[in-house]
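Count along the sequence shown from 1, add 616, and you get the number used in my numbering. The structure appears below as C-alpha cells.
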Amino acid sequence: MSLRYQLLGPLRITAAGRAVPVGPQKQRAMLAALLLSANERVSLDRLIGELWDQPPRSAVANLRTYASGLRRLLTELDGGNAGGDRLVASAAGYQLRVDPEELDLHRFQTAIELGRAALAHGDHAVATARFREALDLWRGRPAEDVRPGPELAARITLLEEQHLSLAEDLIQARLALGEHTSVTGNLRLLITAHPYRERLRHQLMLALYRSGDAPAALSAYAETRAVFADQLGLEPGTELSRLHQAILRRAPELSTPDAAEEPADPQPAPGPGNPPSPAEPPRQLPPDPAAFVGRVDELRTIERACTAANRPRPGPSVVVLHGPGGMGKTTLAVRAAHRLASHYPDGQLYLELQGGAPGMPSVEPLPALGQLLRALGVPARDVPLDLAEAAARFRSETAGRRLLIVLDGAAGAQQVRPLLPAGQDCAVLITSRRPAGTLDALRLRLDRLSDAEARQLLDTLCGDGRGAADPDAADRLARLCDGHPLALRIAGARLAARPDWSVSVLADRLDDERERLDELRADDLAIRSSFWNTYRQLLDSADPDDRTAAAVFRSLSLLRVPEIPAPLAAVTIGVPERRALALLDRLTETHLLDGIGPTRFRFHDLLRLYGAELAEETDPAAERQRAVRRGLTAYLTTVLRAGQLLRPQRAAELATGPTVVELGTLDDAVRWVDGELAGIIAAARQACDAAPHLSRLCVEAIPSVAVWLQKRNRWAEADALVAVCEQAATLADDDAARAKVLALRATLHWRTGSPEAACGALESALELWRRLGDREGEGRALQNLGWFHHRTGSPRRAADLVRAAVGLLAGANPVWLAMALHNLAEIEFELGNFPAAGEHLTRCLAMRREHNDAVGEAMTLVALGRTQSQLGRHLDGLTALTAGLRLCRRTGNREDEWEALLSRSEVHLRIGDVALADRDGEEALTLARAAGDRYGEAAALRQLGRVRERRGERAAADGYARRANRIFADLPGRRDGVLETFLARADQPAGVPASAGA
C-alpha cells in the first residue's frame, strides 16, 4: 500500500490517500523525531530529550512501547509484513526507513532546490512551477499537533524561515515573468505578517512600479521608512534605498519584458443593449442602526480592507461576515457600509438573499442578478435570462465603477459567486451563517459581545437609566443573555415595553434555565427562531452527514461541561474519534458549536440550552441517558487516572476504560487537570444527577485531585470538588463513601483554618470506619488525627495515634502506611529523636517511590533533608532538599515549595553560604505571600532577619524581626512544630519562634 508521511502541518500518515490515526501524543512525538532524521539512527538520549522535559525512570521502557505501537501500525499499513523492516531498533536507538518520495519534507526541499536551480539559470516558468509545487505541500506549521521538544522546536523555526524564503523566491520568479499586478496582493499580506522583511518590501515596490503605479511604489517606500524608524530606530537598507532612487529617476534598468498577465475586461460601450449608467447612483442601504455597540476592531478591519489605499489584492474587495444567527452580522455590515459610502460614489447596492430566513427559499443567483442589474439602470427587457450571460453583463456594468454592494443573508459561496463585480474599485460585504470558504475574501467571524459591550447595549436599548440604577442586576442580565446580541436586543425591547419592570425583574425571570428561551421573545423577535433557522440547515439537508450532525448537536448539548474534547464527543455519541471530528467540524461550520483548537469545542450557553431542549423533544429518554452516561463515565475515568498519578490513595491498578485523553505520566496529569478544572467540577456535578454508579465513581475519582489542589493553594476549586463528593456520597447512600468524604472535608477544614471542624469531621469518619470494620479507614483517620494533634502542639498524643495507625495500615495499604510513617517521622523530629525520624523517612521514601507518589515523595525528601542536617550531614541535607524542591515545582506543590526553600536557606546558613541562604529566603517569602500563607510569610521574614544578622546588618535584621513578630502575634495557634524546631536558634529552645534581634 502507498504510504505518505506528512510533517508540514499536522503530523499524518496516509495510506492510499486516507489519513490513519498515528496514536497517542508521545507516540506522535517519537514519530516526528524519527521523520526529522529519516533513514538515520536516532539515539535513545535524543528521543528521551524530545519526549520529556524531566524523563521518568521508565523512559526507555516507554520508548519501547511507543516503538511497538508504531511498528504495529506500519505493519498493518504495509500489508502485514513490513513494519519491522521500516522501524529498526538497536541498543543505541531507532531508525525509521523511509523512501524519500514518501516524506513531504524531502519532496518540499527537493522542489525548492530544483526551483532555485531553474531561477539561477533564468528559467522562470520552471522555477515558478517548482516553487508552487513546494508550497502546495505546506499545510501549516510543521507537526503543529505535536508538543515540540528542543530539536523539533528548532527545526520548526528553520522550516518556517525556509517557507518564507520560498514565498519570496516564487514572487521573484513571477516578477521575472511579468506578473507584477498579480503579486501585489500577496506581497501586502506577507508584509503584514513580516513587517521587517526588506526583501518583501523591495519586491512590492518593484511590482507596483512595473505595474505603472510609481506613486504607490514611492508610498510603499515611505511607509517602510516610517515603520523602520518608529519600531526599529533604523533606516531602510542599501538595496531599498537604491531602488527608491531608481524609481525617482525612472531608471531604464527597472523595465522588464512584456507582462504575461491578461488585459482587464474591456468596458462595454453604451448601446441599445447596454444603456449608460442611471443619472442618479443607487443608494439602497437600510438606515444606519442607532443602537450600535462594540465591534470596533471588526469595523476598522472592514474599512481597511475596503479603501483603495489598503486594498490587499487586485479585483474587488470582498469581506464575509459570518457567525451564528443573531450575532449582529447585518447590523455590522450596514454600519460599515454607511461609513464607507463616501468611498463609493457610483452607488451602494443592498440585496437580501434570504439564506437564513425562516420558511423562505434563498434567492437564486439569476433573479438576484436581475435586481442588481435593474438597480444599475439596465432595463428589465435587457436583463439576460441565462445565468452565465447575466453574470457577464453584471461584470460589464460594474467594471470601471466604484460600487459598494451588501449581500445580506447569503446561503453560501455558490449563491454569491455570480453576484461578484469585476471592477477593481468595487467592494462587497457579505453576511452569512457559513464562512463561504471557497470565495477569495477576507473573513470575519462574529461572536458574542464582551461583558462590557453587552452591558452598554442593554443600557442603550433601555435608554432610561434603569441599568445604571441597578448595575449588579444589569450585569447579571447581560451574562444570562450570554453576550448574544439578539438576546440582548430582545431583553432591551422587553424592558422598553415594560417601564414598570426593574432590570432585576427580567433577570430573575431569565435565571431559570428551563424558562430562559421562552422569556427571550419580543414582538417578531425570538432567540429560538434564530437557532432553529441554523439547526434546520442540517436537519433538512440532503446530506446524511448533516442530519447526523444535527443528532450530535442534540446529544452533546446534554453534557454540562464548558468544553468538549473530541474524544469525549466520540465516546458520548458512540463513534470513532475521527468520525466524531468530521461531525464536529460540520457543527462548527454552521456555528452551532465553536472550535477552540484542532480537537476542542464549546457551546454558547443559550445554544446548549436549545440543543438540550431539542434532545428532550426528539430523542427517547433511554437514548439520552446512555449518551450522558457514556460521556461522563469516560470523563470521570480520566479524572480517576489523573488522581492516581497525582496523589495515589491506594496501591492499585491504574484506571481502565475509555478516557478523554491518554495520561501516561505525572506531567501529563498535571497539565490535564490544570487545564480541565472547570470541566472536572462541571462533569462531577452532572454525574451526581445522572446515575448512582456515577456518584460512586465521583467519590473514587475526586479525592486525590482535591488533595492535590490543596497543595497548590487552590482552595476554591478544592472546596467545590469536596462539595460534589459530599453530594455524591449522600446520593450513593454509602457509609464508606461518607467516611471517605468526611476525611477529605476534614483536611480542607484544617488547611483553611478551622481545626475544631476538622477534628469533628475526622472523629465522625473514624466512627463510621470502625462501625464498618474497615481497618484501613480506621488507620487513615487515626493518622490524620495524629497529624492534627501534632500541628496543634500535642506531639506525644500525636505519636500515640500515628503509631496505632501504622499498626492498622501495615498489612492494608502501603500508600497510606507511607503517609503515617512520614507523619510519625515529623513527630519524632519535633521530639528531638532525629535518628528515629531518619529511619522512618528512609522507609517512607522507598514506599512512595515504589508507588509513584511524586507529591508525597517531594514532602518526604524535604523532611529527610532537614533531618540529615539536624544530624550534621548538611551536604546530604542540601541534596535531599534540592531534589524535593524540584519535585514540588514539577507537581505544582506550592505549599511545600516555600517550606523547602526556607529549609534549604537554613542549611545554607549553617554551612556559611549566606548569599544562597538569602536567595532562598527571599524566594520563600515571595511564594508564601503569593499563597496568602501568613505563617510562611512570618517564618521567611524571620529567616531573612537571621541572614541579615549574619551579615552584620543589625538594623535590617531588627526590621525583619519586627515585621515577623507582628505577624506571629496575630497567629497564636498556628505553628509548624517541625519547622520551628529546625529553624530554632542554637541559644533558644526548640519550638519558640526565633527572631533576629530578639
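Where a beta carbon is used, it is the ideal one built from N, C-alpha and C, also for glycine. Since we're looking at a predicted model, the values are computed, not measured.
{"Item": "Measure how close the beta-carbons of L956 and R911 come, nearest whole angstrom, since I'm counting them as under 8 Å.", "Value": "With a Cβ gap of about 14 Å, L956 and R911 do not count as contacting."}
{"Item": "Would you mind listing the alpha helix (DSSP H) stretches within the region 1180-1216 that are 4+ residues and don't spill past its ends, in chain order?", "Value": "1182-1189 and 1193-1205"}
{"Item": "Work out the CA separation of A1166 and G931 for me, nearest whole Å.", "Value": "38 Å"}
{"Item": "Considering only residues of the region 624-682, which uninterrupted beta strand (DSSP E) runs meet the minimum length of 3 residues and lie entirely inside it, listed in chain order?", "Value": "628-631, 634-636 and 657-659"}
{"Item": "Determine the extent of the alpha helix (DSSP H) in which Q819 is found, giving its start and end residues.", "Value": "E814 to R826"}
{"Item": "Thinking C-beta only, is A1377 closer than 7 Å to R1361?", "Value": "yes"}
{"Item": "Tell me whether the beta-carbon of V1478 lies closer than 7 Å to the beta-carbon of T1507.", "Value": "no"}
{"Item": "Beta strand (DSSP E) containing I1046: first to last residue?", "Value": "A1043 to S1048"}
{"Item": "When DSSP labels each residue in this structure, what does Q711 get in the three-state scheme?", "Value": "strand"}
{"Item": "Three-state secondary structure (DSSP) at G1227?", "Value": "helix"}
{"Item": "Excluding the 5 residues flanking G1295 on each side, which residues of the same chain have their C-beta closer than 8 Å to its C-beta?", "Value": "V1177, P1178, E1179 and Y1251"}
{"Item": "What is the residue span of the alpha helix (DSSP H) that E968 lies within?", "Value": "First-last for E968: Q964 to E968, but that is the beta strand (DSSP E), not the alpha helix (DSSP H)."}
{"Item": "Please list, in chain order, all residues of the same chain as L1184 whose beta carbon is under 8 Å from its beta carbon, the five residues on each side excluded.", "Value": "L1175, V1177, G1247, A1250, Y1251 and V1276"}
{"Item": "Quick one: residues in its chain with C-beta nearer than 6 Å to the C-beta of R1263, no 5 flanking neighbours on either side, listed in chain order?", "Value": "S1320, V1323, W1324 and V1471"}
{"Item": "When we look at the beta-carbon of Y812 and count the other beta-carbons within 10 Å, is it buried (16 or more) or exposed?", "Value": "exposed"}
{"Item": "Around the Cβ of D1067, are there at least 16 other Cβ atoms within 10 angstroms (buried) or fewer (exposed)?", "Value": "exposed"}
{"Item": "Using 7 Å as the threshold, is the C-beta distance between A1492 and Q1486 below it?", "Value": "Inspection of the sequence shows that residue 1492 is occupied by Asp rather than by Ala. No, the pair does not count as a contact, with Cβ atoms beyond the cut-off."}
{"Item": "Comparing C-alpha positions only, which one of L1035, R1049 and R1050 sits nearest to A1043?", "Value": "L1035"}
{"Item": "Give the single residue among R1391, L1417, P1274 and E1394 whose Cα lies nearest to the Cα of G1402.", "Value": "L1417"}
{"Item": "Count the other CB atoms, across all protein chains shown, that sit within 10 Å of the CB of V1340; report buried if there are 16 or more and exposed otherwise.", "Value": "buried"}
{"Item": "If you reduce the DSSP assignment to three classes, tell me which class H938 lands in.", "Value": "strand"}
{"Item": "If you draw a straight line from the alpha carbon of A1555 to that of R1570, how long is it in whole angstroms?", "Value": "18 Å"}
{"Item": "Have a look at R865 and L805 and give me their C-alpha separation to the nearest angstrom.", "Value": "28 Å"}
{"Item": "Where does the unbroken alpha helix (DSSP H) through G1376 begin, and where does it stop?", "Value": "P1371 to L1388"}
{"Item": "Leaving out the 5 sequence neighbours to the left and right, which residues in its chain are closer than 8 Å to A727 when beta-carbon positions are compared?", "Value": "R746, F747, E749, A750 and L753"}
{"Item": "Which whole-angstrom value describes the C-beta separation of H1220 and R1064, a residue pair presumed to lie in contact below a C-beta threshold of 8 Å?", "Value": "7 Å"}
{"Item": "What residue range is occupied by the uninterrupted beta strand (DSSP E) comprising S1704?", "Value": "No answer is possible for residue 1704: the residues shown for the chain start at 617 and end at 1614."}
{"Item": "Less than 7 Å between the beta carbons of L1225 and L1126, yes or no?", "Value": "no"}
{"Item": "Using a 10 Å radius around the Cβ and a threshold of 16 neighbouring Cβ atoms, would you call D1390 buried or exposed?", "Value": "buried"}
{"Item": "Pull up the DSSP beta-bridge partners for Q1343, would you.", "Value": "Its beta-bridge partners do not exist; DSSP assigns none."}
{"Item": "Opposite R1059 in the DSSP bridges: which residues?", "Value": "V936"}
{"Item": "To which residues does DSSP link I1021 through a beta bridge?", "Value": "L965 and V1044"}
{"Item": "Per DSSP, what kind of secondary structure is L1360 in: helix, strand or coil?", "Value": "helix"}
{"Item": "What does the Cβ neighbour count give for H737, buried or exposed, with the cut at 16 atoms within 10 Å?", "Value": "exposed"}
{"Item": "Going by C-alpha distance, which of H722, L1060, R1082 and L1104 is nearest D1116?", "Value": "R1082"}
{"Item": "In terms of residues, what are the limits of the beta strand (DSSP E) holding R620?", "Value": "L619 to Q622"}
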